[in-house]
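Engineer: One structure is given below, represented as structure tokens, and several questions about it will come after.
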Amino acid sequence: WLGQEFWELKSTGCKGAIVMPLLSCQYLQGHRELYLAHLVLSFITMGYVWQEGEKEVPKVLPRNLAIPFGEVSEMLGLPPILVHTDFVLVNWKKKNPQGNLEPIVTLPGGTSTVGFILVTGAVSAYLGIGCSRRLSVGPFLCNPLVPFLFFSWKDNPVLPEGLLYEGLCEEPLAYSGGSAAQSSTLHAFDELLGIQHQKESAGFLHRMRKYMPPHHQAFIEEIRSVPRLRDHVLSSGNQDLQSTYNKCVAVLSELRTYHITLVTKYIIIAAKKAKNNISQTTSPPSFLEVVGTGGSRVLKFLKSVRDTTKEAMIQL
1 WLGQEFWELK STGCKGAIVM PLLSCQYLQG HRELYLAHLV LSFITMGYVW
51 QEGEKEVPKV LPRNLAIPFG EVSEMLGLPP ILVHTDFVLV NWKKKNPQGN
101 LEPIVTLPGG TSTVGFILVT GAVSAYLGIG CSRRLSVGPF LCNPLVPFLF
151 FSWKDNPVLP EGLLYEGLCE EPLAYSGGSA AQSSTLHAFD ELLGIQHQKE
201 SAGFLHRMRK YMPPHHQAFI EEIRSVPRLR DHVLSSGNQD LQSTYNKCVA
251 VLSELRTYHI TLVTKYIIIA AKKAKNNISQ TTSPPSFLEV VGTGGSRVLK
301 FLKSVRDTTK EAMIQL
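Position one of the sequence shown corresponds to residue 1 (the UniProt record's numbering), numbered consecutively onward.
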């Protein structure tokens, strides 16, 4: 209940003085319960840290949150922060036996929030079955409260030293926030197609792999360890095969171009509009316009990975 209602409590004046018992993880059984626990604890944690935006950001996560969050994270091999897996991959349930879906935990923003969660998950599902159909999302990030949910305590001037997890560690920990760069699907395609990103972008992407479930990381590494598909296609001399390879690269490039369009419209422009709206009671993050939720310089990074994707195409 708390994970689902936290943002409603915040909007009605709750200052985050949430009292909850110190829960034990020993009764959780199976991966479904563990992922559900990580999902709920990540939303509560992000809500607690960013409940006042960039004002009065707490430097310590209370032990009643920090200890169970740390325990569940260790059991799953995930960091104790909201990650792409939480927000998208496990954040759904069936509304009815026919298979319609709804999120388990939602955010301010109404139906556009629901659409963002489910459509982002659908993109991964469609990519997984080889469909290149484009899907659209609503203006979810126009609500100035929402972007804080994804914000990291790594490379963030508001929390320059990170966040102290009370009862879990003696020094602050720094983690990147949830980001589409943590999508194992896109990393798998990059490795399969032999996309070679620039050093800075590649470094960021490889760091994001640490925020994926261990079996996803292992799958990507398995693709990476086998002989490169691009080398085989290039050495074959078969123009039909090379043309087919180029079509695959082109689709991935188009997806990344579309992503740039969405980020520009629903993050960059929306943040500027919110900042200029004097009636807005909660200001957007001060550096939202240039910094991605995972800690990257968003447009520079997105354009870089799009351009290096294009460069993988074989000259015919």
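Don't be surprised by glycine CBs; every beta carbon is placed ideally from N, CA and C.
If you draw a straight line from the C-alpha of G53 to the C-alpha of A202, how long is it?
Structural biologist: C-alpha separation (whole angstroms): 30 Å.
Engineer: Does the beta carbon of L89 come closer than 7 Å to any beta carbon on chain D?
Structural biologist: Of the protein chains in the structure, only one exists, and it is not chain D.
Engineer: Tell me which residues share the same chain as I81 and place their Cβ nearer than 6 Å to its Cβ, disregarding the 5 neighbours each side in the sequence.
Structural biologist: Correct list, in chain order: Y175.
Engineer: Since C169 is in the alpha helix (DSSP H), which residue starts that stretch and which ends it?
Structural biologist: C169 -> no alpha helix (DSSP H), and no H or E assigned at all.
Engineer: So the alpha helix (DSSP H) L229 belongs to, where does it begin and stop?
Structural biologist: Start and end: 229-236.
Engineer: Taking T185 as the reference, which of S235, L229, L252 has the closest Cα?
Structural biologist: Out of S235, L229, L252, L252 has the C-alpha closest to the C-alpha of T185.
Engineer: What would DSSP say about Y165, mapped onto helix, strand or coil?
Structural biologist: In this structure, Y165 counts as strand in the three-state DSSP scheme.
Engineer: Going by DSSP in three states, V146 sits in which element: helix, strand or coil?
Structural biologist: With a pLDDT of 45 at V146, under the threshold of 50, the modelled position of this residue cannot be trusted; read the value that follows with caution. Of the three classes helix, strand and coil, the one that applies to V146 here is helix, per DSSP.
Engineer: In this structure, does DSSP put L141 in helix, strand or coil?
Structural biologist: Unreliable placement is indicated for L141, whose pLDDT of 40 sits below 50; the coordinate value is still reported in the next sentence. The answer is helix: DSSP assigns L141 an H, G or I state.
Engineer: In terms of DSSP beta bridges, what is E102 paired with?
Structural biologist: Note: E102 sits in a beta bridge opposite K93.
Engineer: Under three-state DSSP, which class holds V251?
Structural biologist: The answer is helix: DSSP assigns V251 an H, G or I state.
Engineer: Considering just the uninterrupted stretch of the alpha helix (DSSP H) at S42, what are its terminal residues?
Structural biologist: Where S42 is concerned, the enclosing alpha helix (DSSP H) stretches over 30-50.
Engineer: Taking all protein chains shown into account, do 16 or more other C-beta atoms lie within 10 angstroms of the C-beta of G99, making it buried, or fewer, making it exposed?
Structural biologist: Answer is exposed; the Cβ neighbour count stays below 16.
Engineer: Could you tell me whether the segment 26-36 touches the segment 46-64, using the rule of 3 or more Cβ pairs below 8 Å?
Structural biologist: Segments in contact, no.
Engineer: Do N246 and I314 come within 7 Å of each other at the CB atom, strictly closer than that value?
Structural biologist: It is a contact, given that the beta carbons lie within the stated cut-off.
Engineer: Measure the beta-carbon distance from V49 to L163 and round it to whole angstroms, keeping in mind my assumption that it falls under 8 Å.
Structural biologist: So it is a contact: roughly 7 Å between Cβ atoms.
Engineer: Taking buried to mean at least 16 other C-beta atoms within 10 Å of its own C-beta, is G47 buried or exposed?
Structural biologist: Classification of G47: buried, given that the 10 Å Cβ count is 16 or more.
Engineer: Helix, strand or coil for L173, going by three-state DSSP, please let me know.
Structural biologist: Reduced to three states, the DSSP call for L173 is strand.
Engineer: Label Q182 either buried or exposed according to how many other C-beta atoms from any shown protein chain fall within 10 Å of its C-beta, with 16 as the threshold for buried.
Structural biologist: It is buried - the Cβ of Q182 has at least 16 other Cβ atoms within 10 Å.
Engineer: Quick check: what's the CA-CA separation for V88 versus L78?
Structural biologist: Between V88 and L78, the C-alpha separation is close to 15 Å.
Engineer: Would you call H232 buried or exposed, if buried means 16 or more other Cβ atoms sit within 10 Å of its Cβ?
Structural biologist: H232 comes out exposed.
Engineer: Name, in chain order, the residues that DSSP records as bridge partners for V305.
Structural biologist: DSSP lists no partner for V305.
Engineer: Quick one: Cα of Q29 to Cα of S235, how far?
Structural biologist: Going from the Cα of Q29 to the Cα of S235 covers about 50 Å.
Engineer: Among the residues of its own chain, which have a CB less than 6 Å from the CB of A250, if the five just before and after it don't count?
Structural biologist: Counting only Cβ-Cβ distances below 6 Å, and skipping sequence neighbours, we find nothing.
Engineer: Sort K272, L65, L22 by Cα distance to F43 and report the nearest one.
Structural biologist: The shortest C-alpha separation from F43 is found at L65.
Engineer: Just to confirm the assignment, what range does the alpha helix (DSSP H) spanning L192 have?
Structural biologist: Residues 184-193.
Engineer: Counting only the same chain and skipping the five closest in sequence on each side, list residues whose C-beta sits under 8 Å from that of P68.
Structural biologist: Hits under 8 Å: L22, L23, S24, C25, A37, L41.
Engineer: Comparing alpha-carbon positions, which option in H84, P157, E102, S73 lies nearest S124?
Structural biologist: Comparing Cα positions, the closest option is H84.
Engineer: With a threshold of 8 Å on Cβ separation, who are the neighbours of N91 within its own chain once the five nearest residues in sequence on each side are excluded?
Structural biologist: The answer, listed in chain order, is L39, P103, I104, V105, I117, G121.
Engineer: How big is the Cα-Cα spacing for V218 and Y211?
Structural biologist: First, the amino acid is wrong: residue 218 is Ala here, not Val. Going from the Cα of A218 to the Cα of Y211 covers about 13 Å.
Engineer: Determine the direct distance from the alpha carbon of P213 to that of E222, and round the result to whole angstroms.
Structural biologist: Taking the straight line joining both Cα atoms gives about 14 Å.
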